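Peer 1: These protein sequences, in sequence, are chains A and B.
Sequential numbering of the first sequence, starting at 1, is according to the working numbering.
Sequential numbering of the second sequence, starting at 1001, is according to the working numbering.
2 protein chains.
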Amino acid sequence: MPLPPGRVHHVAVVVRSIDASLRLWRDLLGLELETVMEIPTDRVRIAFLGVGESKIELVEPTDETTGVARFLASKGEGFHHVCLEVDSLSDELTRLGIEGVELIDSAPRRGAEGPVAFLHPRSCGGVLVELIEAPGGPSWRALGMTPPKP
Amino acid sequence: MPLPPGRVHHVAVVVRSIDASLRLWRDLLGLELETVMEIPTDRVRIAFLGVGESKIELVEPTDETTGVARFLASKGEGFHHVCLEVDSLSDELTRLGIEGVELIDSAPRRGAEGPVAFLHPRSCGGVLVELIEAPGGPSWRALGMTPPKP
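#1: Show which residues of chain A have a CB atom less than 8 Å away from the CB atom of L1003/B.
#2: In the region 72–86 of chain A, which residues sit with their C-beta less than 9 Å from some C-beta in chain B, listed in chain order?
#3: Determine whether the beta carbon atoms of A1107/B and L1093/B lie at a separation below 8 Å.
#4: Determine, using beta carbons only, whether L1119/B and L1143/B come nearer to each other than 8 Å.
#5: Would you kindly work out how many angstroms separate the C-alpha atoms of I132/A and V13/A, rounded to a whole number?
#6: By a C-beta neighbour count over all protein chains shown, 10 Å radius and 16 as the cutoff for buried, is R23/A buried or exposed?
#7: By the 10 Å Cβ neighbour count, where 16 or more other Cβ atoms means buried, how is G97/A classified, buried or exposed?
#8: Identify every residue that forms a DSSP beta bridge with M1145/B.
#9: So if I threshold CB-CB distances at 7 Å, which residues from the region 1015–1030 of chain B count as touching chain A?
#10: Can you list the residues of chain B that E34/A reaches, using a CB-CB cut of under 7 Å?
#11: Residues of chain B with CB under 9 Å from E53/A, in chain order?
#12: Please classify I46/A: is it buried, with 16 or more other beta-carbons within 10 angstroms of its beta-carbon, or exposed?
#13: Over what stretch of residues does the alpha helix (DSSP H) that includes E1092/B continue unbroken?
#14: Tell me the residue span of the alpha helix (DSSP H) that contains L29/A.
#15: Alpha carbon to alpha carbon, how far is V1159/B from A1073/B?
#16: Taking only the alpha-carbon atoms, compute the straight-line gap between S54/A and P121/A and give it to the nearest angstrom.
#17: Determine, using beta carbons only, whether L1103/B comes closer than 8 Å to chain A.
#18: Classify I1039/B as buried or exposed, calling it buried when 16 or more other Cβ atoms lie within 10 Å of its own Cβ.
#19: Are the C-beta of V1013/B and some C-beta of chain A separated by less than 8 Å?
#20: Could you tell me which chain B residues have their CB closer than 7 Å to the CB of P99/A, listed as they occur along the chain?
#21: Check whether the region 68–88 of chain A and the region 1061–1071 of chain B touch, using three or more Cβ-Cβ pairs below 8 Å as the test.
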């Protein structure tokens, strides 16, 4: 049996403009803006807004070449993925791979908020699922990442 | 300033079959199945699976006539909406309406888990947003609903 995930870490939506989208998520719905950052390697800007133990992530493509940019061009703004927090990401990926789940990332990689891996929506009922390892898990050290101070 | 929402109450995905989808969400990802119920008035079956303070909702249309069924037919399985918990739903709806947000439900109505209202994706960057009132809020009594025992 798998260990249950601990929480919804975030729900990500693709937006044309983070600045314009803050009017809804921060100013109208009242979520707290925690951070806005550029991820040059992924050619996106992202923002995280807190709500309870979870976050809403806004993802804005910064050029036209990425999967996120093509998503925005073809489907428009909207839901992109949901991220669940697990204790040991590599254990989960091994187990899910054995069970036949199609993995976009077969091993943990460095994400903005910790070690992450994506599962293919073909295996997840059309939903792009990201897994992130809880702070202090084994992949943090393996990837040379430092958990944030609580 | 709006009061911040307390948590992501649930993330809803449209599925062809709840039974088939439980293989992913319960058996492979390890979420706890809390309930499966028919909502005859909405012509759907729904399931809630717990993850931290949130839930994943699976929504399966039971006939071909509803918006959810048309969503499934045109877009396939995938994300449907995100639901945020607020303290006073009627206060939020009044405030959001004044701010020009397009409301699908201009007043709280009875949902499976409490008083709810939907905001139109046209006002929410392509995201269908549901608001639910926290147990014990004023709309519970107004709608004759009894909060679940903790």
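Idealized CB from N, CA, C, for every residue including glycine.
Quantities reported herein were computed from a predicted structural model and do not represent experimental measurements.
Peer 2: Here's the rundown:
#1: G30
#2: K75, G76, E77, G78, F79, H80, H81, V82, L84, E85, V86
#3: yes
#4: no
#5: 17 Å
#6: exposed
#7: exposed
#8: DSSP, once it has assigned bridges, lists no residue as partnering M1145/B.
#9: V1015, S1021, L1024, L1028, L1029, G1030
#10: Within 7 Å Cβ-Cβ: nothing; E34/A doesn't reach chain B, min ~12 Å.
#11: R1007, V1008, G1052, E1053, S1054
#12: buried
#13: 1089–1098
#14: Where L29/A is concerned, there is no enclosing alpha helix (DSSP H), given that its DSSP letter is neither H nor E.
#15: Outside the displayed span of chain B (1001 to 1150) sits residue 1159/B, for which this structure offers no information.
#16: 21 Å
#17: no
#18: exposed
#19: yes
#20: Here residue 99/A turns out to be Glu, not Pro, going by the sequence shown. Near E99/A (Cβ distances below 7 Å), the residues of chain B are L1028.
#21: no
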